[in-house]
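There are 2 protein chains.
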Amino acid sequence: MKNWEKNVREVVPYVPGEQPKEKDIIKLNTNENPYPPAPGVGRALEKFKTDQLRLYPDPSAEELVEALAKQYRVKTSEVFVGVGSDDVLAMAFLTFFNSGKPILFPDITYSFYDVWAEVFRIPYKTIPLDESFCIRPMDYQVDNGGIIFPNPNAPTGVLLPLEQVEEIIRENSDVVVIVDEAYIDFGGESALPLIQKYENLLVVQTFSKSRSMAGMRIGYAFGNEKIIKYLNDVKYSFNSYTMNQLTIALGKASVKDEAYFRETLDKIVETREWTKKELRKLGFEFEDSMSNFIFATHPKISAKKLFEDLKKEGIYVRHFSRPERICDYLRITIGTWEEMRILIAFLEDYVN
Amino acid sequence: MKNWEKNVREVVPYVPGEQPKEKDIIKLNTNENPYPPAPGVGRALEKFKTDQLRLYPDPSAEELVEALAKQYRVKTSEVFVGVGSDDVLAMAFLTFFNSGKPILFPDITYSFYDVWAEVFRIPYKTIPLDESFCIRPMDYQVDNGGIIFPNPNAPTGVLLPLEQVEEIIRENSDVVVIVDEAYIDFGGESALPLIQKYENLLVVQTFSKSRSMAGMRIGYAFGNEKIIKYLNDVKYSFNSYTMNQLTIALGKASVKDEAYFRETLDKIVETREWTKKELRKLGFEFEDSMSNFIFATHPKISAKKLFEDLKKEGIYVRHFSRPERICDYLRITIGTWEEMRILIAFLEDYVN
Numbered sequence: 597m598k599n600w601e602k603n604v605r606e607v608v609p610y611v612p613g614e615q616p617k618e619k620d621i622i623k624l625n626t627n628e629n630p631y632p633p634a635p636g637v638g639r640a641l642e643k644f645k646t647d648q649l650r651l652y653p654d655p656s657a658e659e660l661v662e663a664l665a666k667q668y669r670v671k672t673s674e675v676f677v678g679v680g681s682d683d684v685l686a687m688a689f690l691t692f693f694n695s696g697k698p699i700l701f702p703d704i705t706y707s708f709y710d711v712w713a714e715v716f717r718i719p720y721k722t723i724p725l726d727e728s729f730c731i732r733p734m735d736y737q738v739d740n741g742g743i744i745f746p747n748p749n750a751p752t753g754v755l756l757p758l759e760q761v762e763e764i765i766r767e768n769s770d771v772v773v774i775v776d777e778a779y780i781d782f783g784g785e786s787a788l789p790l791i792q793k794y795e796n797l798l799v800v801q802t803f804s805k806s807r808s809m810a811g812m813r814i815g816y817a818f819g820n821e822k823i824i825k826y827l828n829d830v831k832y833s834f835n836s837y838t839m840n841q842l843t844i845a846l847g848k849a850s851v852k853d854e855a856y857f858r859e860t861l862d863k864i865v866e867t868r869e870w871t872k873k874e875l876r877k878l879g880f881e882f883e884d885s886m887s888n889f890i891f892a893t894h895p896k897i898s899a900k901k902l903f904e905d906l907k908k909e910g911i912y913v914r915h916f917s918r919p920e921r922i923c924d925y926l927r928i929t930i931g932t933w934e935e936m937r938i939l940i941a942f943l944e945d946y947v948n
Numbered sequence: 597m598k599n600w601e602k603n604v605r606e607v608v609p610y611v612p613g614e615q616p617k618e619k620d621i622i623k624l625n626t627n628e629n630p631y632p633p634a635p636g637v638g639r640a641l642e643k644f645k646t647d648q649l650r651l652y653p654d655p656s657a658e659e660l661v662e663a664l665a666k667q668y669r670v671k672t673s674e675v676f677v678g679v680g681s682d683d684v685l686a687m688a689f690l691t692f693f694n695s696g697k698p699i700l701f702p703d704i705t706y707s708f709y710d711v712w713a714e715v716f717r718i719p720y721k722t723i724p725l726d727e728s729f730c731i732r733p734m735d736y737q738v739d740n741g742g743i744i745f746p747n748p749n750a751p752t753g754v755l756l757p758l759e760q761v762e763e764i765i766r767e768n769s770d771v772v773v774i775v776d777e778a779y780i781d782f783g784g785e786s787a788l789p790l791i792q793k794y795e796n797l798l799v800v801q802t803f804s805k806s807r808s809m810a811g812m813r814i815g816y817a818f819g820n821e822k823i824i825k826y827l828n829d830v831k832y833s834f835n836s837y838t839m840n841q842l843t844i845a846l847g848k849a850s851v852k853d854e855a856y857f858r859e860t861l862d863k864i865v866e867t868r869e870w871t872k873k874e875l876r877k878l879g880f881e882f883e884d885s886m887s888n889f890i891f892a893t894h895p896k897i898s899a900k901k902l903f904e905d906l907k908k909e910g911i912y913v914r915h916f917s918r919p920e921r922i923c924d925y926l927r928i929t930i931g932t933w934e935e936m937r938i939l940i941a942f943l944e945d946y947v948n
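As given, the protein sequences belong to chains A and B, one line each in that order.
So that you can map any letter, position 351 of the first sequence is 947 in the working numbering, and since no number is skipped, the others follow by simple counting.
So that you can map any letter, position 21 of the second sequence is 617 in the working numbering, and since no number is skipped, the others follow by simple counting.
As structure tokens, then:
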């Protein structure tokens, strides 16, 4: 090792879900939406003049922030936007978790939390979920430097009722509590109204799942004016222009079409409920999911083997080899009805 | 101040150049390119299908990386891409400047370097430029934790000859040296070939100036395989999907049109040389600029006053009130020939 290499930051790089390049597959491995973005997004693209790309984008992404503020009935000063919720969350870690005390998050959760804690050298402690994969609010009543958890949780899909989310926020008023609501639109109740009551709360959402725009990279957060200002101060000292012109224009177009948004959500929820019923018939076991995926295990089938056999059939789902507690589970994204029928037909043969 | 606020990261937010919303202005304040992006960029936009936005982008931005590797005749493993060169540089600070020793950069330079050092808590020391705003390589032969400088330097526009760039890299082989070449295409000689000789070198460039794509946010870096891998490891542990689908598609289209690229560069250089001549006639003083801007002062005119008077005329240039050494200078971006004629005509009246 050369001398210059001795000062390189050591990281354990996150391994994202496979993005296979084949076209004819059923892709149920990265929780993408099976439906296209709102029709207005295509129209916004058609109207866009590439000549204007010579200019810097609006650093405050005002049009997108205004569209979100209007849709969610908050002030523009209560909205933060970023390059996917990963960017929003990373900025929040950097901004709020500087006490030196360990931050808390569940032992089974979004696999980026410990990665950010490591890269930013933030101490952390994981809190085990109970046997039904539930977060117990009282477990979070210990001295800490901040709290983050997804709701519904990933990759379990389990929703924490809003009263219990509030309990965690209320009992930890000396630190920032981040509720990562990447999957909230698929049946959960958002903590958004609580930002008016608790200034230590940051609610993070994304365009990647419910708005069918994973390819565009848009995340956002709600909080009181003060917490949003702190976040913006750090963001602007990092990179002032992260939201490109097309992101702003297409994101805005998406937010404006509430009817299409509700319609696709309803379809996904309906397909999810049908899939749950069919999986149960086949002996699969899972906690009730309020997200766009089901986290299932089968008493008689190895998850790893099934994962590989599905892949051979061109059906991609997600398997996590760690932590051990979940290595016999598969996370199956809800696709179109047709895709789920093909999956279920394959599993019917496979199980019997 | 509430308890949760005590652990908020303290930053001095960077103030980006004004992005006025009026349409009828002459915008010479943020070093944008006056010409539109290559025609292929518009065609790539037209061909883009928004339906595919439901899927995550390719985290490795392979198509864009391949286009850059081909154009610059390096291996794909020697290329890193990010959300503007600000993103690339911030990741490089985080990855390479961890020795605890102060990093070095010029006292007059891109105003983001000290901002990143502060936000990442990296100690730094600024090295004064000489009286002609030149970087003296021997000043960088002191114990340090890394080096960064723009070439040509900003906001001075002064180019350091390649032998002197090499001297800095060679004499600092124990640390990473970052050469920030945002403006290199306007007449400088890139340090790119040196990546084959020095593995402690990172060369950073951008689509924002010479490629007319500030609005799209694309930056990139060249280095040996090892240094690029370290950078990617940190990048993936931060945010795996920063380059959205449109960024990748439109960036690729831009790189492919070398003829258009050369043509716009030639026009800007020609306009710059004409503007220099005219400014000199009017008594302005400046070091020779090899960038797409001129950093000028006038012995009889207050820069601040001129800045404001130009603004009243709808002509925006950039004025830096700090450091004091440059507070009597204006940084004037090279616009179209027509825009520069209007500026010069105004100045002719103003000076006389």
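All C-beta atoms in this analysis are idealised placements derived from N, C-alpha and C, irrespective of residue type, glycine included.
The beta carbon of B:A817 does not come within 8 Å of any beta carbon belonging to chain A, so the residue lies off that interface.
Nearest CB-CB separation between A:L926 and chain B: not below the 8 Å threshold. Within the same chain, and ignoring the five residues on either side of B:P655 in sequence, the residues whose Cβ sits closer than 6 Å to its Cβ are S836, Y837. Straight across, the Cα-Cα distance linking B:G910 with A:E659 is about 24 Å.
CA-to-CA, the gap between A:A845 and A:S673 works out to about 20 Å.
Just so you know, the alpha carbons of B:F716 and A:A663 end up roughly 33 Å apart. Contact annotation for A:P633 against chain B: T646, L649, R650 [CB-CB distance below 7 Å, chain order]. Unbroken beta strand (DSSP E) stretches of 3 residues or longer found wholly inside the region 739 to 791 of chain A: 743 to 746, 773 to 776, given in chain order.
Separation of A:E642 and B:E642 (C-alpha to C-alpha, rounded to the nearest whole angstrom) is 7 Å. At the C-beta level, A:G636 and A:D862 stay beyond 8 Å of one another. Within the same chain, S786 come within 6 Å of A:I780 by CB-CB distance, once the 5 residues on both sides are set aside. For B:E821, the CB contacts under 8 Å within the same chain, skipping 5 residues up- and downstream, are K671, S673, E674 in chain order. As a beta-bridge residue in DSSP terms, A:I928 pairs with A:I890. In this structure, the beta-carbon distance from B:N749 to B:P702 falls below 8 Å. Straight-line measurement puts the Cα of B:N840 at about 16 Å from the Cα of A:V684. Under the Cβ criterion (8 Å, minimum of three pairs), the region 790 to 797 of chain A does not count as touching the region 698 to 714 of chain A. Judged by DSSP in its simplified three-state form, A:L660 adopts helix. When DSSP states are grouped into helix, strand and coil, A:Q737 belongs to the coil group.
Here the region 727 to 741 of chain A does not lie against the region 861 to 877 of chain A, with fewer than 3 beta-carbon pairs under 8 Å apart. Beta-bridge partners assigned by DSSP to A:V677: A:Y816. Going by DSSP, B:V947 is part of the alpha helix (DSSP H) stretching over 933 to 947. When the five nearest sequence neighbours on each side are left out, the beta carbons in the same chain lying within less than 7 Å of the beta carbon of B:A686 are those of W712, in order along the chain. The straight-line gap separating the alpha-carbon atoms of A:Q648 and B:G811 is approximately 7 Å.
Look at A:W933: its C-beta is not under 8 Å from any C-beta on chain B.
When CB distances to chain A are screened at a threshold of 8 Å, the residues of the region 665 to 699 of chain B falling below it are V679, G680, D682, D683, A686, L690, T691, F692, F693, N694, S695, in chain order. Nearest to B:S728 by alpha-carbon distance, out of B:I824, B:H894, B:E881, B:K901, is B:E881.
Residues are counted here when their Cβ sits less than 9 Å from a Cβ of chain B; for the region 718 to 736 of chain A the count is zero.
With a cutoff of 8 Å on beta-carbon distance, B:L797 and B:V773 are scored as near each other. A straight line joining the alpha-carbon of A:S885 with that of B:I823 spans about 43 Å.
In this structure, the CA atom of B:G696 is about 22 Å from the CA atom of B:N828. For A:Y912, the secondary structure class from DSSP, reduced to helix, strand or coil, is strand. Using a Cβ-Cβ cut-off of 8 Å, B:A750 does not count as an interface residue toward chain A, since no Cβ of chain A sits closer than that to its own. Taking all protein chains shown into account, B:R858 has fewer than 16 neighbouring C-beta atoms within 10 Å of its C-beta and is therefore exposed. Each residue's CA atom was taken as its position, placing B:K666 and B:G931 some 30 Å apart.
Secondary structure of A:P635 (DSSP, three-state): helix. In its chain, beyond the 5 residues on either side, Y631 have a beta carbon closer than 6 Å to the beta carbon of A:T860.
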